[in-house]
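Protein chains in written order, with our numbering: chain U, 373 to 519; chain H, 382 to 1118.
Beta carbons are placed, not taken as given, at the ideal position from N, Cα and C, and that holds for glycine.
Fair warning: this is a prediction, and the values are worked out from it, not measured in the lab.
Let me begin by presenting the structure, written as structure tokens, before commenting on it.
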């Protein structure tokens, strides 16, 4: 979003504004949304990570500590984003947690085949949803360690 | 008389009207000879008169000379018979001329006899030539011998009435000729035995010519026969020594002839060797022959003629009186023996004819059977030539029997080489069965046949040929082809229908895939707004609680409840859809574990209720583990849900292993249901209870049904209102219990 970002905790890729808002609200409650960038489609997310397109020319790359990725995205869908990130040397190590409304087994299997780090079906109920998101944030930002 | 074997080329069942047999030609040549000889003798004698050459008139020097009128009568009769000798080539004019000539001879004879009898002089005796009054043996110059005169009357009449018959098939001309022949032979005999005694006043040429002529006239119409076909007459006569089937007059004539020859023979032997023979030494064999060859009538006649001849010529004194005792005894012995022989010969002949008739009847019977056969029958000789056929063969080929016999059997088939191979195989192996050939009719029509053929042999057992019977299978072949066509059509229809089914199947699969995509979209897209509704109503409660009164908060909670229900419904629909379209991976499964897992997910529901769940060890089965677990979850969930309100609720799980399937059940003593609605139980969105009473989407049992149906199982339910319900399902267990 802006170039002042030195350190990025969470990259949220989510096309649905209400979901994004609910998600960020849940994280904020636990003080986890301080360094969060929200991308609305897969193409923008890839440009942001790989410094291409509108983000070309920006200085050194920013490595988010976790990417929360929705599967159904405009332009480039979540599966494709996952494939691109996991097949690139530079981005392979970034933990990616898929957050999806889909309960389809084939999506689950495909994501794990591509090397997803976590796969979470979004609960419909807000309480559960908020709880899940909070736990997710805590885990990846606080408990988990990356190289 | 051997039975004539049913000759192959000449079947016994000859047509009723027999074609002219070869023998008739031979008879007719004798008739021609008689006529020509008669006329010839007359002409030569007349020439003797014209040129006054005595030897031409007497035959031998110093004998009685023929009279001119006698010679003329011989010529007239000879020509008349020549004209009438053929039975078939007769014209009216020809007959009239012949009758006129014969009539003239008869008139001359009658006139001469009248002159002799009454002493008339009609002036006919010296009409042509004047005879020396002192001529040897003459009664009166130029007057013919009375016996000849009578003969001319008889023979003239016989020629005139040659083709007349009485109603009983009697031929008057034959009788007249026969009497004439008898007289002529007597004449000849007398002349031969006592040539210089002139008893009859007859000349040698006249006696000989008349004898031959009368016999020829008898032969001119030999139809008056004793029976049997003419075709066999000559054969009998020459080869079998029995003349039973000779024409009747000939048999009598033959008897007379035999007696005459016997008489002359005895006389000649006695004269030549100057010995005295027994009276009947030659007459007895002659009588015997006459009896054997001619039957009873000729035999008896020969007997009495022999007696007469013996008395007349051999007894002393000659003449018709018998004076010596020895002669009387001879006659008394000879006559009964002759009659007895004749009767015996006749009875033998009748027996022979009966057996022959029997044989012929039998032969005709078997032949008629062969002819009656609807199958073409044919016999073939070892060279492959047809030797006999029946009517059916004529019809199959369109060719007559006479043209088929003697031709190449193979040439009447569409495949001659194949046909040839068929009878060769019969000669090699003794028979063929159901040999397929096709007969070609002259019209080109083809008859499909199956040939059955075997060897046939003569009475000695040696192979004579092949007997083959064909069965017309045209109709059978047609039916077979029709059946084949039907079968072909059926196969085509099956292929077509299969194709249609595959097309439908493909279309259905396409529709299914579309539905799947749709369900996937629904699952994803409906969930998100739902979460927003839920999430933001929650935020409303959290952030704006102070601004909402109790009613406001209740309304927000209603919204959230509805959201929850809708989410559940979406999940169930997706599960239902997945149960139908997922390809289950069938494996051996441990039911106990699946039930435990299912129960674990239901713990929240169980907690706080007093429902007891009883689970005995369950037999394993085969199926898709996740799906079966879902099945158990739904069933147990249902059972717990409907049992909870009742105190002492018990949910009982059980199973019963069968040979091919294992039946599991979940039984509860809950609220139960009315069996009237059992049909609705497994339908989608079908509920038997109010939403407030027992919450649920109405999809649970529909999912169960789908899961069970996938591997070929079934599910059913029993229940009573207030008593509880039992839901059972059966899964194939792969044949092991």
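Can you pull the DSSP bridge partners for residue i?
i                       : result
residue 1046 of chain H : H/1035 and H/1109
residue 1013 of chain H : Bridge partners of residue 1013 of chain H: none, in fact.
residue 411 of chain U  : U/385
residue 760 of chain H  : H/769 and H/848
residue 1096 of chain H : H/1110
residue 471 of chain U  : U/492
residue 1004 of chain H : H/968
residue 828 of chain H  : H/820
residue 789 of chain H  : H/766
residue 853 of chain H  : H/830
residue 794 of chain H  : H/820
residue 994 of chain H  : H/1032
residue 439 of chain U  : U/383 and U/468
residue 458 of chain H  : Answer is none; residue 458 of chain H lacks a bridge partner.
residue 813 of chain H  : H/834
residue 475 of chain H  : Paired residues: none, contrary to the question.
residue 1101 of chain H : H/1105
With 16 other CB atoms within 10 Å as the buried threshold, where does residue i fall?
i                       : result
residue 390 of chain H  : Because the pLDDT at residue 390 of chain H is just 40, under 50, the model does not fix this residue reliably, and the value given afterwards should be weighed accordingly. Classification for residue 390 of chain H: exposed.
residue 971 of chain H  : exposed
residue 381 of chain H  : The first residue shown for chain H is 382 and the last is 1118, placing residue 381 of chain H beyond what the model contains.
residue 887 of chain H  : exposed
residue 995 of chain H  : exposed
residue 614 of chain H  : Per-residue confidence for residue 614 of chain H stands at a pLDDT of 37, beneath the threshold of 50, marking its modelled position as unreliable; the derived number appears in the next sentence. Buried, since its Cβ has 16 or more Cβ neighbours within 10 Å.
residue 746 of chain H  : exposed
residue 1076 of chain H : exposed
residue 840 of chain H  : exposed
residue 619 of chain H  : Reliability fails at residue 619 of chain H, whose pLDDT of 33 lies under 50, so the model's placement of it is uncertain and the value that follows must be treated cautiously. Counting Cβ neighbours within 10 Å, residue 619 of chain H comes out exposed, since fewer than 16 surround it.
residue 1018 of chain H : buried
residue 1129 of chain H : No statement about residue 1129 of chain H is possible, as the shown extent of chain H runs from 382 to 1118 and does not include it.
residue 625 of chain H  : Low confidence applies here, because residue 625 of chain H scores a pLDDT of 48, under 50, leaving its location unreliable; read the following figure in that light. Classification for residue 625 of chain H: buried.
residue 611 of chain H  : Low per-residue confidence applies at residue 611 of chain H: pLDDT is 38, beneath 50, and the placement is therefore not dependable, though the value from the model is reported in the following sentence. It counts as buried.
residue 810 of chain H  : exposed
residue 447 of chain H  : buried
residue 479 of chain U  : buried
residue 347 of chain H  : Residue 347 of chain H lies beyond the residue range present for chain H, which begins at 382 and ends at 1118; the question has no answer from this structure.
residue 883 of chain H  : exposed
residue 621 of chain H  : Below a pLDDT of 50, predicted positions are generally treated as unreliable, and residue 621 of chain H, at 38, falls in that range; the measurement from the model is reported next regardless. That one is exposed.
residue 436 of chain U  : buried
So residue i and residue j are supposed to be a Cβ contact under 8 Å. How far apart are they, rounded?
i                       : j                       : result
residue 484 of chain H  : residue 534 of chain H  : So it is not a contact: roughly 10 Å between Cβ atoms.
residue 496 of chain U  : residue 454 of chain U  : No, residue 496 of chain U and residue 454 of chain U are not in contact; Cβ-Cβ is about 23 Å, not under 8 Å.
residue 464 of chain H  : residue 593 of chain H  : At roughly 18 Å, the Cβ-Cβ gap does not stay under 8 Å, so residue 464 of chain H and residue 593 of chain H are not in contact.
residue 1111 of chain H : residue 1101 of chain H : The Cβ separation is near 22 Å, so there is no contact.
residue 918 of chain H  : residue 940 of chain H  : 5 Å
residue 913 of chain H  : residue 390 of chain U  : 4 Å
residue 688 of chain H  : residue 658 of chain H  : Wrong, their Cβ atoms sit about 17 Å apart, outside the cutoff.
residue 803 of chain H  : residue 832 of chain H  : 6 Å
residue 588 of chain H  : residue 569 of chain H  : 5 Å
residue 1103 of chain H : residue 1047 of chain H : No, residue 1103 of chain H and residue 1047 of chain H are not in contact; Cβ-Cβ is about 18 Å, not under 8 Å.
**Request:** Count the C-beta pairs between the region 451 to 463 of chain U and the region 866 to 875 of chain H that are closer than 8 Å, then say yes if the count reaches three, no if not.
**Result:** no
**Prompt:** Would you call the region 418 to 430 of chain U and the region 388 to 406 of chain U touching, i.e. three or more CB-CB distances under 8 Å?
**Reply:** Not touching, per the Cβ criterion.
**Request:** Taking 8 Å as the threshold, find out whether the region 740 to 756 of chain H comes into contact with the region 709 to 726 of chain H through three or more Cβ pairs.
**Result:** Too few Cβ pairs lie closer than 8 Å, so no.
**Asked** Is the region 638 to 648 of chain H touching the region 666 to 680 of chain H, taking contact as three or more C-beta pairs under 8 Å?
**Response** These segments touch.
**Request:** Say whether the region 985 to 1004 of chain H touches the region 1032 to 1049 of chain H, bearing in mind that this needs 3 or more beta-carbon pairs closer than 8 Å, one atom from each stretch.
**Result:** yes
**Request:** State whether the region 557 to 573 of chain H contacts the region 496 to 515 of chain H, with contact taken as three or more CB pairs (one from each stretch) at a distance under 8 Å.
**Result:** A contact between stretches requires three or more CB pairs, one per stretch, nearer than 8 Å, and the region 557 to 573 of chain H fails this requirement with the region 496 to 515 of chain H.
**Request:** Check each residue of the region 916 to 927 of chain H: if its Cβ is closer than 9 Å to any Cβ of chain U, include it; give the result in chain order.
**Result:** 916, 917, 918, 919 and 920
**Message:** Counting beta carbon pairs with one atom in the region 496 to 514 of chain U and one in the region 441 to 448 of chain U, are three or more of them shorter than 8 Å?
**Reply:** For the pair of segments examined, the region 441 to 448 of chain U was found not to touch the region 496 to 514 of chain U: the number of CB pairs separated by less than 8 Å stays below three.
**Message:** Does the region 943 to 954 of chain H come into contact with the region 971 to 984 of chain H, if we say contact requires no fewer than three beta-carbon pairs (one atom in each stretch) closer than 8 Å?
**Reply:** Here the region 943 to 954 of chain H makes no contact with the region 971 to 984 of chain H; the two share fewer than three CB pairs at distances below 8 Å.
**Item:** Any 3 or more C-beta pairs closer than 8 Å across the region 753 to 763 of chain H and the region 851 to 862 of chain H
**Value:** yes
**Message:** Tell me whether the region 757 to 771 of chain H and the region 782 to 789 of chain H touch, counting them as touching only if at least three CB pairs, one residue from each stretch, are closer than 8 Å.
**Reply:** yes
**Contact list for the region 382 to 395 of chain U against chain H, Cβ threshold 7 Å** = 388, 390, 391 and 394
**Request:** Identify each residue in the region 495 to 510 of chain U for which the Cβ-Cβ distance to at least one residue of chain H is less than 9 Å, and report them in chain order.
**Result:** 495, 496, 497, 498, 499, 501 and 502
**Message:** Using a Cβ-Cβ cutoff of 8 Å, what residues of the region 993 to 1027 of chain H are near chain U? List them in chain order.
**Reply:** none
**Prompt:** Any residues in the region 934 to 947 of chain H with a beta carbon nearer than 9 Å to a beta carbon of chain U? Which ones, in chain order?
**Reply:** Flagged, chain order: 941, 944, 945 and 947.
**Touching by the beta-carbon criterion (3+ pairs, under 8 Å), the region 451 to 459 of chain H and the region 531 to 546 of chain H** = yes
**Asked** Using Cβ-Cβ distances below 9 Å, what residues of the region 453 to 476 of chain U are close to chain H?
**Response** 472, 473, 474, 475 and 476
**Asked** Is the number of C-beta pairs between the region 378 to 389 of chain U and the region 410 to 420 of chain U that are closer than 8 Å three or more?
**Response** yes
**Prompt:** Is the number of C-beta pairs between the region 1020 to 1030 of chain H and the region 1058 to 1067 of chain H that are closer than 8 Å three or more?
**Reply:** no
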